[in-house]
Amino acid sequence: MDRSAYDPDEIEEEQRERDQKNKINMDFQNFVNRVNDLWGQPQYKGLDLEFDQPCRELGFLGVPYKASVFIVPTSTCLVELIERPFLVITLSKIDIVYVEGVGLGQKNCDMANVFKDFKGDMLRIDSIPSTSLGGIKE
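Each residue of the sequence shown is one higher than the last, beginning at 1 in the UniProt record's numbering.
Next comes the structure, spelled out in structure tokens:
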């Protein structure tokens with residue numbers, strides 16, 4: 001049985017989901033405010049701590065492990081914190097970024113990140129939409 005677009009149960013469920021999302025956002029904002037207040041205390045001031053916010057506008061889809069995920073840059077990292085295993089790449093530790101498969105008519109490309117210490121393996125992010133290259137370059 002299909003639900004109508006005006007089904008009261010469905011409308012109520014959507015409202016509950018919106019309310020839950022708003023509550024989570026408000027709880028997180030309260031958490032950030034409390035932590036910022038703590039960091040403002042004298043014993044923490046010398047640490048110069050701050051929250052780093054992701055820039056969703058420059059985010060892109062890619063496959064760093066087995067699943068396609070939305071990867072977003074912050075001022076110091078590339079992160080994906082929704083799907084496990086999580087991805088956190090510190091930009092200052094990257095020496096070379098090599099993008100392969102870029103060409104006319106190519107819908108996707110791959111990116112290899114080579115780290116400065118050369119101790120670990122490079123990190124590949126596959127199946128990045130070519131339309132995302134502008135944001136990645138930025």
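Yeah, the Cβ is synthetic: ideal placement off N, Cα and C, and Gly gets one too.
Check, Outcome
"Excluding the 5 residues preceding and the 5 following Ile125 in the sequence, name in chain order all residues of the same chain whose CB lies nearer than 6 angstroms to its CB.", "Gly62, Pro64 and Met111"
"From Thr131, Glu83, Leu78 and Leu104, pick the residue whose C-alpha is nearest to that of Leu123; which is it?", "Leu78"
"Quick one: residues in its chain with C-beta nearer than 6 angstroms to the C-beta of Cys55, no 5 flanking neighbours on either side, listed in chain order?", "Pro73"
"Buried or exposed for Leu47, going by 16 or more other Cβ atoms inside 10 Å?", "exposed"
"Does the Cβ-Cβ distance between Val99 and Leu133 come in under 9 angstroms?", "yes"
"On the three-state DSSP scale, how would you describe Gly46?", "coil"
"Would Phe60 and Ile94 be called neighbours here (beta carbons separated by less than 9 angstroms)?", "no"
"What does the alpha-carbon distance come out to for the pair Gln29 and Asn22?", "10 angstroms"
"Name the one or two DSSP bridge partners that Asp110 has.", "Glu100"
"Could you tell me which of Glu83, Pro42, Ser92 and Asp117 sits nearest to Thr76, measuring between CA atoms?", "Ser92"
"Buried or exposed for Met24, going by 16 or more other Cβ atoms inside 10 Å?", "Just to set this straight, residue 24 is Ile in the shown sequence, not Met. Answer is exposed; the Cβ neighbour count stays below 16."
"Near Phe51, what residues of its chain come up, given a Cβ to Cβ distance below 8 angstroms and the 5 sequence neighbours on each side ignored?", "Val32, Val35 and Asn36"
"Where do the N-terminal and C-terminal ends of the beta strand (DSSP E) with Ile71 fall, by residue?", "Val69 to Pro73"
"List the DSSP bridge partners of Ile125.", "Met111"
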